[in-house]
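Start counting the sequence shown at 571; every next residue gets the next number (my numbering).
First the structure, in the form of structure tokens, and then the observations on it.
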Amino acid sequence: MLLLFFVWRPLLIANKDRLLGGSNVLEVYLFVNPLGARCMRSERNIMKLADHLNSKVSFQFVPLLNQQIIEQALPKRPTLAERNAYFGVYYQAILAYKAALFQGKRKGRDFLLNMQTAVVNHHESFSQELALELAKDCRLDLDMFNEDCQSDLAKQAFKTDQKLAAEMKIQQSSSAVIFNCDVSQYGLLLNDVTYDSLCDVCESQGVATKEMLMGELNYPTNDQTPSSLTGGLHPHLRVL
Numbered sequence: 571m572l573l574l575f576f577v578w579r580p581l582l583i584a585n586k587d588r589l590l591g592g593s594n595v596l597e598v599y600l601f602v603n604p605l606g607a608r609c610m611r612s613e614r615n616i617m618k619l620a621d622h623l624n625s626k627v628s629f630q631f632v633p634l635l636n637q638q639i640i641e642q643a644l645p646k647r648p649t650l651a652e653r654n655a656y657f658g659v660y661y662q663a664i665l666a667y668k669a670a671l672f673q674g675k676r677k678g679r680d681f682l683l684n685m686q687t688a689v690v691n692h693h694e695s696f697s698q699e700l701a702l703e704l705a706k707d708c709r710l711d712l713d714m715f716n717e718d719c720q721s722d723l724a725k726q727a728f729k730t731d732q733k734l735a736a737e738m739k740i741q742q743s744s745s746a747v748i749f750n751c752d753v754s755q756y757g758l759l760l761n762d763v764t765y766d767s768l769c770d771v772c773e774s775q776g777v778a779t780k781e782m783l784m785g786e787l788n789y790p791t792n793d794q795t796p797s798s799l800t801g802g803l804h805p806h807l808r809v810l
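Structure representation (structure tokens):
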């Protein structure tokens with residue numbers, strides 16, 4: 571059964587658009603586990619779409635921290651001390667990402683992807699030492715980065731992100747909310763952010779045809795069986 575949820579576009583986003591003097595055709599907000607493998611794949615799929623979509627598109631990777639993320643990372647029968655330690659690691663990783671973002675969206679995005687690669691692919695544990703090494707690789711101002719990692723500004727940015735997640739009713743990481751600003755102030759909630767499903771959204775919203783997006787990228791057909799389009803929503807979509 572397809573569940574539909576109707577939620578108005580958050581006031582925080584609408585106000586930001588007015589201040590910046592307009593909006594893009596597509597706005598994508600991906601809520602991410604800063605140390606997660608699935609989120610890393612979702613991020614790359616969104617970046618791939620942005621690179622090949624003819625319409626204007628903006629995207630943000632919004633860090634998410636909740637009990638579900640911590641539970642998935644914990645060992646079996648964790649102690650209270652282990653729970654607190656894991657929460658601290660994820661919290662510090664998010665603050666490091668926010669500190670990198672303060673030096674530019676692209677640098678922040680590169681820092682996040684490099685951090686996930688180090689943890690997921692190279693099996694490194696997150697630490698302040700690793701964060702500093704990644705900051706060097708991303709050519710960040712290290713003094714500014716170190717200061718921002720523990721700043722009230724970074725902590726407030728974290729709180730703002732969690733408030734946005736609550737307003738959009740986000741419960742799990744790797745969930746994307748997509749707004750077509752030319753059509754409606756309502757957004758689509760996508761819980762399975764594959765490139766195939768992103769193309770479904772673009773076609774259902776009249777932004778681009780799936781055939782065109784797949785053809786441009788020579789998308790492999792064995793990655794996921796494409797869903798048939800019936801002119802309506804798809805099982806992996808919910809309306810916000």
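Ideal Cβ positions, reconstructed from N, Cα and C, are used throughout, including at glycine.
Quantities reported herein were computed from a predicted structural model and do not represent experimental measurements.
| query | From A655 to T764, what does the alpha carbon distance come to, in whole angstroms? | reply | Reading the sequence shown from its first residue, position 85 is the one you call residue 655. Reading the sequence shown from its first residue, position 194 is the one you call residue 764. Separation of A655 and T764 (C-alpha to C-alpha, rounded to the nearest whole angstrom) is 32 Å.
| Alpha-carbon to alpha-carbon, T649 and A620 | Numbered from its first residue, the sequence shown carries residue 620 at position 50. Numbered from its first residue, the sequence shown carries residue 649 at position 79. When rounded, the distance between both Cα atoms is 43 Å.
| request: Could you check which residue in G606, Q642, E773 has the C-alpha nearest to that of L683? | output: If you number the sequence shown from 1, residue 683 lands on position 113. For the set G606, Q642, E773, the Cα lying nearest the Cα of L683 is the one of G606.
| I640 bridges to which residues according to DSSP? | In the sequence shown, residue 640 corresponds to position 70, counting from 1. In the DSSP secondary-structure assignment, I640 is not bridged to any residue.
| said: Among the candidates Y660, L635, L623, whose CA atom is the shortest distance from the CA of D731? | reply: The residue you call residue 731 lines up with position 161 of the sequence shown. Out of Y660, L635, L623, L635 has the C-alpha closest to the C-alpha of D731.
| message | Measuring alpha carbon to alpha carbon, tell me which residue in V659, A669, Q638, I616 is nearest Q630. | response | Counting from one through the sequence shown, the residue named residue 630 turns up at place 60. Checking every option, the nearest Cα to that of Q630 belongs to I616.
| message | Using beta carbons (cut-off 8 Å, strictly below), is V632 in contact with chain D? | response | The structure shown contains no chain D; it holds only a single protein chain.
| 8 Å Cβ cutoff met for F601 and S743 | Counted from its first residue, the sequence shown places residue 601 at position 31. Counted from its first residue, the sequence shown places residue 743 at position 173. For F601 and S743, yes; Cβs fall inside 8 Å.
| request: Decide if G686 is buried, meaning its Cβ has at least 16 other Cβ atoms within 10 Å, or exposed. | output: As a first step, residue 686 is located in the sequence shown; it is residue number 116 there, counting from the start. The sequence given here has Gln at residue 686, not Gly. It is buried - the Cβ of Q686 has at least 16 other Cβ atoms within 10 Å.
| request: Give the secondary structure of G785 by DSSP, where H, G and I count as helix, E and B as strand, and everything else as coil. | output: To locate residue 785, count along the sequence shown from 1; it is residue 215. Three-state result, G785: helix.
| field | Exposure of L723, with buried meaning 16 or more beta-carbon neighbours within 10 Å | value | Taking the sequence shown and counting its residues from 1, the one referred to as residue 723 is at position 153. Flag for L723 reads exposed.
| task | Using the Cα positions of M610 and D680, report the straight-line distance between them to the nearest angstrom. | result | Position 40 of the sequence shown, counted from the start, is the residue given in the question as residue 610. Position 110 of the sequence shown, counted from the start, is the residue given in the question as residue 680. If you take the alpha carbons of M610 and D680, they lie about 11 Å apart.
| said: Just to confirm, is the Cβ distance from D752 to V595 under 8 Å? | reply: As a first step, residue 752 is located in the sequence shown; it is residue number 182 there, counting from the start. As a first step, residue 595 is located in the sequence shown; it is residue number 25 there, counting from the start. V595 sits close to D752, with the two beta carbons spaced by under 8 Å.
| Simplified DSSP state of A746, which is helix, strand or coil | Taking the sequence shown and counting its residues from 1, the one referred to as residue 746 is at position 176. Three-state DSSP puts A746 in a strand.
| Y765 lies in the beta strand (DSSP E); which residues open and close that run? | For this step, residue 765 is matched to residue 195 along the sequence shown. Segment 765-774 is the alpha helix (DSSP H) holding Y765; no beta strand (DSSP E) there.
| Is the stretch 661-678 touching the stretch 714-728, taking contact as three or more C-beta pairs under 8 Å? | Yes, the stretch 661-678 is in contact with the stretch 714-728.
| Sorted by chain position, which residues of the same chain lie with C-beta nearer than 8 Å to R653's C-beta, five sequence neighbours on each side aside? | Taking the sequence shown and counting its residues from 1, the one referred to as residue 653 is at position 83. For R653, where only same-chain residues beyond five positions count, the Cβ hits under 8 Å are I640, L644.
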